[in-house]
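Accompanying notes for the structure given below.
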Amino acid sequence: MSKVVRTVAPFGPQHPVLPEPIQLKITCEDEKVVDVVPAIGYCHRGIEKACELNDFPKNIYICERICGICSCIHGCSYCEVIERLFGVEIPPRAKYLRVIWSEMSRIHSHLLWLGLLADAFGLESMFMQFWRIREKILDAMELTTGQRVTQSVSIIGGVRRDIDSEQQKKCIDIVREVKKETEELGKVLMNDYTVKARTVGKGILTREQAITLGCAGPTLRGSDVAEDCRMQGYQAYGELGFEPIVEKDGDSYARAVVRLRETLQSCDLILEAFSKIPEGEISIKVKGNPPANEAVFRAEQPRGEVFYYAKGNGTRNLERLKVRTPTFANIPALLVMLPGCELADVPVIVLSIDPCISCTER
Amino acid sequence: MPKMLPTIVRNLFGGPATRLYPVEVRKPFERTRGHIVFDDEKCTLCGGCARRCPAAAIEIDKEKKELIFYPGRCIICEVCAENCPRGAITVKEEWRKPFYEVPVEVHHPKGKKEKAS
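Protein chains in written order, with the working numbering: chain A, 194 to 555; chain B, 208 to 324.
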């Protein structure tokens with residue numbers, strides 16, 4: 194009888210499917226994965242410490258750079274947590290504008306991910322098609338905020354720019370177009386038999402495991418748990434009638450479907466927000482230094498829940514700023530999903546949690 | 208086949224989705240944050256921009272009466288332009304071209320401070 198040999202294969206930190214560095218030490222028995230040990234710490238930048246050394250209004254621009262893809266939501270979340278520290282309420286129009294820009298960045302993040310998923314299978318053309326749609330959303334961002342990726346549009350006390358009626362009309366056209374095209378392309382991607390062969394039943398995370406491991410975002414909702422921070426109704430979500438999107442299977446396919454459906458839902462949310470947006474001020478003046486107090490804020494990013502904690506001490510600098518990002522919550526789930534799968538399925542399963550390592554390590 | 212026909216026709220006459228950059232450059236949107244420009248006639252070296260800049264891209268030398276701007280550090284956040292009391296900083300739509308050497312702009316502002324009445 195031949196003896197099964199165990200080998201340890203390093204996956205990353207440089208790997209074609211990973212845009213960012215994370216290493217997984219994968220122990221294999223023949224072609225089967227039996228154990229995974231993650232190693233992180235390749236792109237730590239010390240952002241939390243930098244935020245303590247900087248003046249608090251300047252931190253918005255550092256926090257936006259925690260992540261390149263969800264930068265708008267990071268900026269909004271930082272502003273929200275400081276507003277809570279001050280105990281001020283921003284004008285309703287600013288809340289709606291923040292929701293519109295946050296949802297735009299969700300669409301752009303999910304389309305980017307769907308493109309990367311197609312690329313991981315080798316569907317190069319599909320990858321470019323998704324990114325072509327994404328380009329329209331980036332144009333809408335540039336039109337309204339002035340920048341494609343790092344919007345820098347949130348300030349403490351509201352937002353810096355308004356969307357006038359002409360821009361609004363253009364944005365509505367773009368969002369409708371994006372929705373139509375994503376629907377068409379999504380059908381092609383999700384009904385493709387090669388995609389199904391690579392994702393259905395691969396990387397299963399059960400409902401109980403997802404809850405026990407404290408997963409977040411589409412990883413959690415793909416395992417039949419209706420949990421989304423937008424349900425709390427922060428900013429203007431409470432007035433938009435938000436319902437979380439849930440899939441039952443808990444495999445890579447379910448997580449992809451959640452993201453695809455969320456893209457379409459975000460388009461609807463933007464259209465609804467545009468129809469309900471009130472007139473009025475877009476920002477209020479916030480004077481003074483943050484008081485010696487604490488505040489927390491939870492927001493839903495494209496990848497899951499982001500948690501902001503800020504502690505002031507009455508000076509221009511914060512005593513402490515803590516950020517907990519969704520990928521950090523989703524890495525333990527990987528260690529449950531991977532054992533038992535084939536080595537060739539590892540890239541797709543790793544991609545299915547949408548890892549954002551620069552967020553995680555900050 | 209009939210299902211595919213509209214897509215085929217669209218792709219045949221739709222033209223490419225990409226541009227031949229840098230030969231063909233897209234016109235930037237109105238109010239895109241491209242780069243910042245200083246107006247030496249208006250600036251009074253008050254230093255508000257240097258204090259507020261999150262990237263430390265602007266330095267003020269009061270003795271030499273110079274404003275030193277490091278375009279490589281600038282993150283084009285528009286904070287300086289928004290807060291300039293004289294309107295001496297404007298944001299232009301065009302993005303800067305890539306550079307091979309780190310550029311440093313030295314300005315000699317000539318604006319005069321108005322006396323408080």
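Just so you know, even glycine gets a beta-carbon here, dropped at the ideal spot from N, CA and C. Just so you know, these numbers come straight off a predicted model, no measurement behind them.
Under DSSP, residue 314(B) forms a beta bridge with 274(B). Residue 287(B) places its beta carbon less than 9 Å from that of residue 296(B). Chain A has no Cβ within less than 9 Å of the Cβ of residue 231(B). Taking 9 Å as the CB threshold, residue 259(B) lines the interface with chain A. Boundaries for residue 360(A): no beta strand (DSSP E) harbours it, while the alpha helix (DSSP H) harbouring it runs 358–383, taken from the DSSP string.
Using a CB distance cut-off of 9 Å, residue 282(B) counts as an interface residue toward chain A. A residue is called buried when at least 16 other Cβ atoms come within 10 angstroms of its Cβ; residue 274(B) meets this threshold and is buried.
Put simply, the CB of residue 303(B) is far from chain A, with every gap to its CB atoms at 9 Å or more. When the five nearest sequence neighbours on each side are left out, the beta carbons in the same chain lying within less than 7 Å of the beta carbon of residue 248(B) are those of 317 and 318, in order along the chain.
Note on residue 537(A): under 16 other CB atoms within 10 angstroms of its CB, so exposed under the neighbour-count rule. Taking C-beta atoms as the reference points, residue 396(A) and residue 545(A) count as a pair closer than 9 Å. Taking a C-beta cut-off of 7 Å against chain B, the contacting residues of the stretch 341–353 of chain A are 345, listed in chain order. For the C-beta of residue 220(B), not a single chain A residue is nearer than 8 Å; the gap to the nearest is close to 17 Å. Collapsing the DSSP output to three states places residue 431(A) in a helix. Inter-segment contact for the stretch 388–402 of chain A and the stretch 428–447 of chain A is present: three or more beta-carbon pairs are separated by less than 8 Å.
Residues of the stretch 352–381 of chain A with a Cβ closer than 7 Å to any Cβ of chain B: none. Against residue 261(A), chain B offers no close residue; the least beta-carbon distance is about 13 Å (beta-carbon pairs closer than 8 Å).
Taken atom to atom, the span from the alpha-carbon of residue 428(A) to that of residue 298(A) is near 16 Å.
Of the residues assessed, residue 519(A) falls on the buried side of the cut-off, its CB having 16 or more other CB atoms within 10 angstroms. Using a Cβ distance threshold of 9 Å, residue 468(A) and residue 303(A) do not count as a contacting pair.
Taking residue 205(A) as the centre and dropping the five residues before and after it, the same chain places the C-beta of 211, 214, 215, 216 and 217 closer than 8 Å to its C-beta, in chain order. Closest in C-alpha terms to residue 306(B), from the list 245(B), 278(B), 298(B) and 300(B), comes 278(B).
Taking 9 Å as the threshold, the shortest C-beta distance from residue 245(A) to chain B does not fall below it.
For residue 310(A), the closest alpha carbon among the candidates 209(A), 487(A), 371(A) and 421(A) is that of 209(A).
Here the C-alpha atom of residue 506(A) lies approximately 43 Å from the C-alpha atom of residue 304(B).
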